[in-house]
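Enquirer: Chains as they are written, first to last, in this note's numbering: chain R, 66 to 170; chain U, 50 to 293.
Ideal Cβ positions, reconstructed from N, Cα and C, are used throughout, including at glycine.
These figures come from a predicted structure and were not determined experimentally.
Take this structure first; my questions come after.
Below, the structure is given as C-alpha cells:
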C-alpha cells in the first residue's frame with residue numbers, strides 16, 4: 066500500500082482569550098465541512114499535534130492531497146468559540162522536526 | 050525571486066486615520082509591500098500626504114487609487130478625464146451594463162470591479178472580457194465576501210466567481226485578487242488570500258500572481274505613464290537642453 070504523505074502546519078491564532086483545543090478544532094472542522102462538505106472533510110485526515118496556549122501557536126496535520134482544502138478553510142475561519150478570530154498559516158512542512166526547527170513552537 | 054505582495058483594495062475610509070494606521074501596520078506585519086486605499090472623492094493634497102505618511106511610517110508603499118461609481122457613461126468619461134493623471138490606479142465599480150462596457154474598452158481604466166452582494170449586477174461575460182482584453186483593464190475580485198457570506202449566498206457568489214474567472218482566463222484578462230475588507234479583522238496574509246482563490250478555480254501559481262505580479266505590473270505601468278518624461282509607450286524624455 067502506498068504510504069500517505071502528510072503535511073504539518075504551524076498556525077497563529079489571533080483572538081481575544083484562549084479557546085480550548087476542542088473549541089479550536091471544532092472551528093476548523095466546521096470551516097472545512099462548510100466549504101467542502103463532510104466527504105471533503107473526511108479526506109483531510111486532520112489531527113491536532115500541539116497547542117501552545119501562551120503564544121497561541123497551533124500545529125495540525127493533514128494529508129498532502131488536501132493541503133489546499135485546509136489552507137482555504139483556515140483562511141475562512143472568522144470565529145472560534147463564538148469570539149471573533151482569525152487563523153494565519155505560519156509555516157508548512159513535511160516533518161514535525163523541520164517545522165519545529167523553523168519556528169520555536 | 051521573492052514575491053512582492055500587493056493589496057489593492059483596503060476599503061478603509063481615508064479619513065478614519067486611526068483605523069487606517071492599524072490596518073496599514075497589520076498589512077506590514079502580514080508581509081504586504083504595497084497597499085492601496087481607495088478614494089471615492091477627489092482628495093485634497095493634505096489627505097494624500099497623510100496617507101503617504103502613515104504608509105511611510107509603517108514601511109509600506111502607498112498606491113493612490115480612485116474608485117469611480119458613475120451613474121452614466123458621460124459621468125464616467127468626465128471622471129476619467131479629471132482623475133486619470135492624479136491616481137496610480139483607476140477602478141470602476143460597474144453596476145450597470147452600459148457603464149461596464151464603456152469602462153472595459155477605455156484604456157484609462159485599470160480595474161473592473163463588480164458588486165459583491167448583488168449577483169444580477171455582475172456583468173462580466175464573454176463580451177465584457179473581449180472588450181477588457183482589447184483595452185487593458187483587469188478583473189478585480191474581492192475575497193472579503195467569502196469571509197462574510199455563508200450558506201447558499203456564498204455558494205452563489207463562488208459560482209459567479211468561478212464562471213467569471215474561467216471567462217477571464219479564456220480571453221487573457223489579467224486577474225487581481227484583493228482583500229476588499231472594511232474591517233481589520235478580515236485581513237488575511239497574502240498567501241492565505243491566494244489560497245482563497247483556489248475556491249474559484251485559480252491554480253496556486255495563478256493565485257499568487259493575482260496578489261503580487263499582476264497588480265504590481267498595473268501600478269508600475271501607470272507610474273511610468275504618470276512620469277514627467279513619458280511621451281508615448283516606448284518613448285520618453287531622457288535629457289533636456291544638452292548634448293547626450
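Would you call the stretch 140-149 of chain U and the stretch 166-177 of chain U in contact, with 3 or more CB pairs under 8 Å?
Expert: Contact between the stretch 140-149 of chain U and the stretch 166-177 of chain U is present, because at least three Cβ pairs lie under 8 Å.
Enquirer: Could you spell out where the beta strand (DSSP E) holding residue 151 of chain R opens and where it closes?
Expert: Residue numbering aside, residue 151 of chain R sits at position 86 when the first chain is read from its first letter. 148-158 is the span of the beta strand (DSSP E), which, as asked, contains residue 151 of chain R.
Enquirer: Which chain R residues are close to residue 52 of chain U, counting only those with a beta carbon under 9 Å from its beta carbon?
Expert: Here residue 52 of chain U is taken as the residue at index 3 of the second chain, counted from 1. Simply none; closest approach about 16 Å.
Enquirer: With a threshold of 16 other CB atoms inside 10 Å of the CB of residue 129 of chain R, please say whether the residue is buried or exposed.
Expert: Within the first chain, residue 129 of chain R is the residue found at index 64, counting from 1. Exposed, by the Cβ-count rule.
Enquirer: Between residue 295 of chain U and residue 139 of chain R, what straight-line distance do the alpha-carbon atoms span, to the nearest angstrom?
Expert: No information on residue 295 of chain U is available, as it lies outside the stretch 50 to 293 that chain U covers here.
Enquirer: Please state whether DSSP places residue 117 of chain R in a helix, a strand or coil.
Expert: The residue labelled residue 117 of chain R in the question sits at position 52 within the first chain. It is a strand residue.
Enquirer: Might you give, ordered along the chain, the residues of its own chain that have their beta carbon closer than 6 Å to the beta carbon of residue 117 of chain U, omitting 5 neighbours on each side?
Expert: Locating residue 117 of chain U in the second chain gives position 68, counting from the first residue. 128, 141.
Enquirer: Can you grab the Cα-Cα spacing for the pair residue 153 of chain U / residue 262 of chain U, in whole Å?
Expert: The residue given as residue 153 of chain U occupies position 104 in the second chain. The residue given as residue 262 of chain U occupies position 213 in the second chain. Between residue 153 of chain U and residue 262 of chain U, the C-alpha separation is close to 21 Å.
Enquirer: Do residue 247 of chain U and residue 137 of chain R have their C-beta atoms within less than 9 Å of each other?
Expert: As a first step, residue 247 of chain U is located in the second chain; it is residue number 198 there, counting from the start. As a first step, residue 137 of chain R is located in the first chain; it is residue number 72 there, counting from the start. In this structure, residue 137 of chain R lies closer than 9 Å to residue 247 of chain U by Cβ.
Enquirer: Would you call the stretch 116-130 of chain R in contact with the stretch 67-78 of chain R, where contact means no fewer than 3 C-beta pairs closer than 8 Å?
Expert: Yes, the stretch 116-130 of chain R touches the stretch 67-78 of chain R.
Enquirer: Taking the C-alpha atoms as reference points, what is the distance between residue 206 of chain U and residue 166 of chain U?
Expert: Counting from 1 along the second chain, the entry for residue 206 of chain U is found at position 157. Counting from 1 along the second chain, the entry for residue 166 of chain U is found at position 117. Approximately 8 Å, taken between the alpha carbons.
Enquirer: Report the neighbours of residue 143 of chain R on chain U: residues whose CB is nearer than 9 Å to its CB, in chain order.
Expert: Position 78 of the first chain, counted from the start, is the residue given in the question as residue 143 of chain R. Simply 196, 197, 234, 235.
Enquirer: Figure out for me which residue from R:81, R:133, R:93, R:102 has the closest Cα to the Cα of residue 118 of chain R.
Expert: What you label residue 118 of chain R is simply residue 53 of the first chain in a count that begins at 1. Among R:81, R:133, R:93, R:102, the Cα nearest to that of residue 118 of chain R is on R:81.
Enquirer: Would you verify that the beta carbon of residue 279 of chain U is, or is not, closer than 9 Å to some beta carbon of chain R?
Expert: In the second chain, residue 279 of chain U corresponds to position 230, counting from 1. Not an interface residue.
Enquirer: Enumerate, from N- to C-terminal direction, the unbroken beta strand (DSSP E) stretches of 3 or more residues contained entirely within the stretch 176-253 of chain U.
Expert: Correct list: 187-191, 224-227.
Enquirer: Is the beta carbon of residue 138 of chain U sitting closer than 9 Å to the one on residue 59 of chain U?
Expert: Taking the second chain and counting its residues from 1, the one referred to as residue 138 of chain U is at position 89. Taking the second chain and counting its residues from 1, the one referred to as residue 59 of chain U is at position 10. No. Outside cutoff.
Enquirer: Where does residue 69 of chain U fall in DSSP's three states?
Expert: If you number the second chain from 1, residue 69 of chain U lands on position 20. Helix, per DSSP.
Enquirer: Locate the beta strand (DSSP E) running through residue 294 of chain U, then write down its first and last residues.
Expert: Only positions 50 to 293 of chain U appear in the structure, and residue 294 of chain U is not among them; the question remains open.
Enquirer: Going along chain R in order, which residues have a C-beta closer than 8 Å to the C-beta of residue 241 of chain U?
Expert: Position 192 of the second chain, counted from the start, is the residue given in the question as residue 241 of chain U. By Cβ distance, chain R contributes 136, 139, 140, 153, 154.
Enquirer: Closest Cβ-Cβ distance between residue 126 of chain U and chain R: below 9 Å?
Expert: Here residue 126 of chain U refers to the residue found at position 77 when the second chain is read from its first residue. No, its Cβ sits nowhere closer than 9 Å to a Cβ of chain R.
Enquirer: From what residue to what residue does the beta strand (DSSP E) around residue 95 of chain U run?
Expert: Taking the first residue of the second chain as 1, we reach residue 95 of chain U at position 46. From DSSP, residue 95 of chain U is part of no beta strand (DSSP E) but of the alpha helix (DSSP H) over 94-107.
Enquirer: Taking residue 204 of chain U as the reference, give the member of R:104, R:111, R:99, R:135 with the closest Cα.
Expert: What you label residue 204 of chain U is simply residue 155 of the second chain in a count that begins at 1. Considering only alpha carbons, the answer is R:99.
Enquirer: Say whether the stretch 104-111 of chain U touches the stretch 72-86 of chain U, bearing in mind that this needs 3 or more beta-carbon pairs closer than 8 Å, one atom from each stretch.
Expert: In short, these stretches touch, since the Cβ pair count reaches three.
Enquirer: Just by C-beta distance, which residues in the stretch 240-273 of chain U are closer than 8 Å to chain R?
Expert: Within the stretch 240-273 of chain U, the qualifying residues are 240, 241, 242, 244, 245, 247, 248, 253.
Enquirer: I need the boundaries of the beta strand (DSSP E) containing residue 79 of chain R, first residue and last residue.
Expert: For the purposes of this step, residue 79 of chain R is identified with residue 14 of the first chain, where counting begins at 1. Where residue 79 of chain R is concerned, the enclosing beta strand (DSSP E) stretches over 71-80.
Enquirer: Under a Cβ-count criterion, where at least 16 other Cβ atoms within 10 Å of its own Cβ denotes burial, should residue 219 of chain U be classed as buried or exposed?
Expert: Translated into positions along the second chain, residue 219 of chain U becomes position 170. The residue in question, residue 219 of chain U, is exposed, as its Cβ has fewer than 16 Cβ neighbours within 10 Å.
Enquirer: Name, please, each residue of chain U whose Cβ falls closer than 9 Å to the Cβ of residue 133 of chain R.
Expert: In the first chain, counting from the first residue as 1, residue 133 of chain R sits at position 68. Per Cβ cutoff of 9 Å: 244, 247, 253.
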